[in-house]
Amino acid sequence: MLEKINKKGIEKKFVFKNDAAARYIFFALKNDLGGLGGYQMYFWESSILSDIYYDRADLSFSRKGIIHRYREEYEGDLPVFKMTMKDRKLTGTGYEFQKKEGEKQNGNAPEYFELEGENLQKVAAIRTYRMTIAVLTEQNWPIGLIHCDQSSALEPDGTVKKKFYEIELQYEQDSQVAKDMENFSVIIQKTFDLLPVNKTKLERALDI
C-alpha cells in the first residue's frame, strides 16, 4: 500500500500564547516579509489541507509517534485521496520524521482499512489553512520552510469542533542547513514569543 520513503528531515512546532497573537503574527508574516536576524523570508504558497486520520481504537499508533492519514487532493474537478504514513521520533526540541506515501484512490476516503494486520478506523478529520514561507540565508541559499497553520478539528457533519494555530519549521538533516535552521528557530521563537510543542495536529485535536 505504501511506497518507499519520499521525505525525511527535522520538524519543530511552536504554538502561541493565545489566538489573538496567532492571528496578528500570521497577518504580519503574510504582509510584511523581509529579514529576520540575518535570514530572509519569502511567501511561497497558501493551501487548504483536508486530512482524515486513522488509528486503532486505543490510539496506540499515534502515541508511538506513527501517524496514518488520507489527504484529499483534486485532479481537475474530481477528489482523490492519498494515504500517508509519518513516523516521528522526538529529539529534544523537535523531532525527526520520515514520510511514506501510497497510491491515490478515487472517490471517498475509506471508513477503515487494514495495515500490517491492524484494523485502522477513522479517529479525526482536520482541515488546515496553511501559509508556507521559504527561509533563506543572506546569500539566498534555501535552508527550510515555515508552515503557518490554522487548523479546525471537524465533527462528523463537518462543523468545527475545535480550532488551533501552530507554526512548524521543516528542514533537512544536512549539517549546515540544520545549524542555520536551529539558529533561525531560536530567533523566530524569541521574536514572536512562541512556545515549543511536540504534539501533532491529531494529538491536539483529540486532547491527548
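Numbering-wise (UniProt numbering), the sequence shown opens with residue 1 and increments by one.
Glycine included, C-beta positions come from ideal geometry on N, C-alpha and C.
Secondary structure of D19 (DSSP, three-state): helix.
Here the alpha carbons of T200 and I52 stand approximately 14 Å from one another. In the DSSP assignment, N198 falls outside any beta strand (DSSP E) and carries neither an H nor an E. K12 places its beta carbon less than 7 Å from that of S185. Beta-bridge partners of E182 (DSSP): none assigned.
Here the C-alpha atom of D77 lies approximately 14 Å from the C-alpha atom of N108.
One thing to note: Q189 has its Cβ no nearer than 7 Å to the Cβ of Y165.
Collapsing the DSSP output to three states places A109 in coil.
T191 sits in a helix when the DSSP states are folded into three classes.
For N198, same chain residues with a beta-carbon under 8 Å away, outside a window of 5 residues either side, are K13, L90, G94 and Y95 in chain order. A distance of 7 Å or more separates the beta carbons of L154 and A134. Note on geometry: alpha-carbon atoms of Y54 and S62 lie some 9 Å from one another. Beta-bridge partners assigned by DSSP to T84: R69 and E101. A205 carries a helical assignment under DSSP once its states are collapsed to helix, strand and coil. Under the 8 Å Cβ criterion, the region 65-82 counts as touching the region 108-118, having at least three qualifying pairs. R130 and E118 have their C-alpha atoms some 31 Å from each other.
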